[in-house]
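Trainee: The numbering of the sequence shown is this note's numbering, which starts it at 7 and goes up by one. Beta carbons: idealized from backbone N, C-alpha and C, even for Gly. To start, I am sharing the structure in question, which I have written as structure tokens.
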Amino acid sequence: MDDLFLKIIDREVPANIIYEDEIALAFEDINPQAPTHILVIPKTHIPKLSDADSSQKDILGHLMWATGEIARQLDIEDAYRVVVNNGAKAGQSVFHLHLHILSGRVFSWPPG
Ligand code: AMP
């Protein structure tokens, strides 16, 4: 399976890993779009959010919890944005589900 983020989980591709538990992994984005830019991923291969099935609800919930926990650990819990790009037309480029945590600058609304 050609999945870059599974290779990061397996330590075949290096990354600055900042959080890990049995379900999730988080690491710094290689091309940061904000002073803090972290990716939170499941250890299970889910290509995109809309591919998750009902048996994976706990994984999705855990990713949201882990995102809040990571924000607390990074002391950014008062000002961060969470983004999920779902599908190539929405800007997804890596097809392993990931939540972007972005912080450290002003974010406009609506998003670009
Ligand atoms: P998306 O466009 O939503 O699929 O986001 C994919 C993200 O993965 C982008 O922000 C990339 O900069 C990031 N990325 C791609 N390759 C790596 C890598 N080897 N290590 C860390 N982040 C990566």
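Check the C-beta distance from Val-46 over to Ile-76 and give it rounded, since I have them as a contact under 8 Å.
Mentor: With a Cβ gap of about 7 Å, Val-46 and Ile-76 count as contacting.
Trainee: Determine the DSSP secondary structure at Leu-105, reduced to helix, strand or coil.
Mentor: Residue state, collapsed to three classes: strand.
Trainee: Pull the bridge partners of Ile-44 from the DSSP assignment, please.
Mentor: DSSP output for Ile-44 lists Glu-34 and Ile-107 as bridge partner(s).
Trainee: Could you tell me which of Gly-97, Thr-73, Lys-95 and Lys-63 sits nearest to Ser-109, measuring between CA atoms?
Mentor: Checked all of Gly-97, Thr-73, Lys-95 and Lys-63; the closest Cα to Ser-109 is Thr-73.
Trainee: Can you tell me whether Asn-92 sits near ligand 1, meaning its C-beta is under 6 Å from at least one heavy atom of the ligand?
Mentor: Checking the Cβ of Asn-92 against ligand 1 gives no.
Trainee: For a test of your reading of the model: does the CB of Ile-76 fall under 6 Å from any non-hydrogen atom of ligand 1? Yes or no.
Mentor: Result no, Cβ not under 6 Å from ligand 1.
Trainee: Regarding Val-46 and ligand 1, is the C-beta to nearest heavy atom distance less than 6 Å?
Mentor: No - ligand 1 has no heavy atom lying nearer than 6 Å to the Cβ of Val-46.
Trainee: Hey, quick one: how far does the beta strand (DSSP E) through Ile-24 stretch, first residue to last?
Mentor: That run of the beta strand (DSSP E) goes 23 to 26.
Trainee: Grab me the residues of Phe-101's own chain with a C-beta within less than 8 Å of its C-beta, minus the 5 sequence neighbours each way, in chain order.
Mentor: Cβ within range, chain order: Asp-9, Pro-53 and Lys-54.
Trainee: Spell out the partners DSSP gives Arg-87 in its beta bridges.
Mentor: Answer is Leu-108, bridged to Arg-87.
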